[in-house]
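This note's numbering applies: residue 6 is where the sequence shown begins, and numbers increase by one.
Structure first, commentary second.
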Amino acid sequence: MLQHEQFDIPKIAAMSFDKGKAIDAVLEEIICKLQARGYRVAGYLQRETAETDSCCSITDLESIAKGTKIRISQALGPGARGCRLDGNGLAEASSALIGELEEGIDLLILNRFGKGESEGQGFRAVIQKAMELNIPVLTAVRDAYRASWEEFGGEYAQIISHDNNGGLDWCLSSLTSAQAAE
Numbered sequence: 006m007l008q009h010e011q012f013d014i015p016k017i018a019a020m021s022f023d024k025g026k027a028i029d030a031v032l033e034e035i036i037c038k039l040q041a042r043g044y045r046v047a048g049y050l051q052r053e054t055a056e057t058d059s060c061c062s063i064t065d066l067e068s069i070a071k072g073t074k075i076r077i078s079q080a081l082g083p084g085a086r087g088c089r090l091d092g093n094g095l096a097e098a099s100s101a102l103i104g105e106l107e108e109g110i111d112l113l114i115l116n117r118f119g120k121g122e123s124e125g126q127g128f129r130a131v132i133q134k135a136m137e138l139n140i141p142v143l144t145a146v147r148d149a150y151r152a153s154w155e156e157f158g159g160e161y162a163q164i165i166s167h168d169n170n171g172g173l174d175w176c177l178s179s180l181t182s183a184q185a186a187e
């Protein structure tokens, strides 16, 4: 759990969404609006690509700031059941993102707080680093991981509307507060 005394003005929020909801499209719209206002936004959006000779799609994370992609899915073969998440790909994405935070950004947007984060891995360290740097964080969380999100964020784990207006309003409010604290 995040500790209150660690941060000046912690700001983290997750947009609650149902499985199958195109949350990345909502996040992408928020990102475009923030970038149009001149904000420096970093993080990742999830991209799915259908694989014609496989039973499963390919999952990549696309860097918001740089446009580069990192593969986070692994082919387990036909008939395989279970998580296809590639922990090495997620670790690579996390490491790259820590570097972007240290270069200086205004807002961090992460595609999900999901299984990896619920298990103490994934982007948890990135979120903590952003908070240490007083960078607001917006992510998305499904109901299956909501309790883990709330446990991780403690009193700071806000849940907001999953529409683009709720997310954009939260971002603008958080950015204003973060800038006033500097």
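Virtual Cβ for every residue (Gly too), placed ideally from N, Cα, C.
Counted as a single uninterrupted DSSP element, the beta strand (DSSP E) harbouring K74 occupies residues 74–76. A direct Cα-to-Cα measurement between E34 and S68 gives close to 15 Å. G121 and R45 have their alpha carbons spaced roughly 26 Å apart.
Using a Cβ distance threshold of 8 Å, L115 and Y161 do not count as a contacting pair. Measuring C-alpha to C-alpha distances from R117 to each of R42, R129, N139, A135 identifies R129 as the nearest.
When rounded, the separation of the alpha-carbon atoms in A101 and L66 is 12 Å. For E67, DSSP records a beta bridge to L50, K74. Residue pairing by DSSP places F22 opposite R147 in a beta bridge. The region 93–100 and the region 141–152 do not touch, with fewer than three beta-carbon pairs separated by less than 8 Å. For L138 and L106, the gap between their C-alpha atoms comes out near 8 Å. K26 and W175 have their alpha carbons spaced roughly 20 Å apart. In this structure, the beta-carbon distance from L173 to K38 falls below 8 Å.
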